[in-house]
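Taking it in order: structure first as structure tokens, then the write-up.
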Amino acid sequence: MYENIRTLGYVATNYTTKPLNDVLKEIDTYAAWPRVSNDTRLRVDGIFFDETPSTYDPFKYNYLSHASQAVKNGTRFRHHFVVHNPGLIPPALITSPTFAQNSYTNLSDITVIFEEKFDKWLDRSTFDALQSHRIRRSKFAVILHSLPNLSKKVLDFVVEQVQEAADWVFLTDVGTKDEYYHSFSTIFEDFVKSVDGGAEE
-8 MYENIRTLGY VATNYTTKPL NDVLKEIDTY AAWPRVSNDT RLRVDGIFFD ETPSTYDPFK
52 YNYLSHASQA VKNGTRFRHH FVVHNPGLIP PALITSPTFA QNSYTNLSDI TVIFEEKFDK
112 WLDRSTFDAL QSHRIRRSKF AVILHSLPNL SKKVLDFVVE QVQEAADWVF LTDVGTKDEY
172 YHSFSTIFED FVKSVDGGAE E
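In the working numbering, the protein residues as written are -8 to 192.
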């Protein structure tokens, strides 16, 4: 196993409209994989909760707390790793002095603070806010799709700028809706090199 890789099960919460019991059943399905398959190699490290809310609400906090604790307290996950993906946290919220107290970030190891088209990342209000927040970058991820045809030097610069907002990053040039993450993009190899400090062949 590689220490920098986390194998995660996928559970959508539908912004907490999915019945919590259904979410817990899906978590249990992933937890049971090694037993059902009789193969310990199918043990996952945690859960990627997609479609989580971005603005704080006590009911939604309680919902996500139950879901996260099912992973954190379970004995069948290798690292008890929890990721929340609200898709976008409003810039005004993420730069608020009370963000840490009025968010769900204490329930997860990583929160995806921005998942969007590359050109929306370039919007001034978004770019400035995501680079000026004061939360530990190790708690945040940024996912960008629909990148244009960039030179390696420009890609290095883009990765460097994204890493000013988050330690966990993923970039792809795939621009077809519902296909963004179904394959390795043509820039994947260069992207990995850029994350590794812009190393050239």
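Cβ coordinates follow ideal geometry from the N, Cα and C atoms, glycine included.
Between the CA atoms of residue j and residue i - distance to the nearest angstrom
i, j, result
"GLY37", "PHE68", "6 Å"
"LEU98", "ASN29", "31 Å"
"LEU33", "ILE(-4)", "14 Å"
"PRO82", "HIS124", "9 Å"
"ASN93", "THR8", "20 Å"
"ASP114", "VAL62", "36 Å"
"GLU151", "VAL186", "8 Å"
"PHE118", "ASP147", "17 Å"
"THR31", "SER116", "46 Å"
"PHE109", "HIS75", "21 Å"
"SER129", "LEU141", "26 Å"
Sequence-distant residues of its chain with Cβ nearer than 6 Å to residue i (five each side left out)
i, result
"PHE182", "LEU162"
Other residues of its chain near residue i: CB distance less than 8 Å, five sequence neighbours each side excluded
i, result
"LEU11", "TYR54, HIS57 and ALA58"
"ILE85", "ILE104, ALA120, LEU121, HIS124 and ILE126"
Three-way DSSP call (helix, strand, coil) for residue i in this model
i, result
"ASP119", "helix"
"PRO53", "The residue asked about is misnamed: residue 53 is Asn in this sequence, not Pro. Helix."
"ASP30", "coil"
"PHE72", "strand"
"ASP41", "strand"
"ILE101", "strand"
"VAL165", "coil"
Residue i versus the options, residue with shortest Cα-Cα distance
i, options, result
"THR177", "LYS9, ILE101, GLY65 and PRO139", "PRO139"
"PRO77", "LYS51, HIS70, VAL186 and GLY65", "LYS51"
"ALA23", "THR96, THR43, GLY0 and ILE134", "GLY0"
"ALA3", "ASP41, LEU15, PHE175 and ASP100", "ASP41"
7 Å CB neighbourhood of residue i in its chain, flanking five on each side removed
i, result
"TYR171", "HIS136, THR163 and VAL165"
"GLU192", "Caution is warranted here: a pLDDT of 45 is assigned to GLU192, below 50, making its placement in the model unreliable, and the coordinate value is therefore given only provisionally. None."
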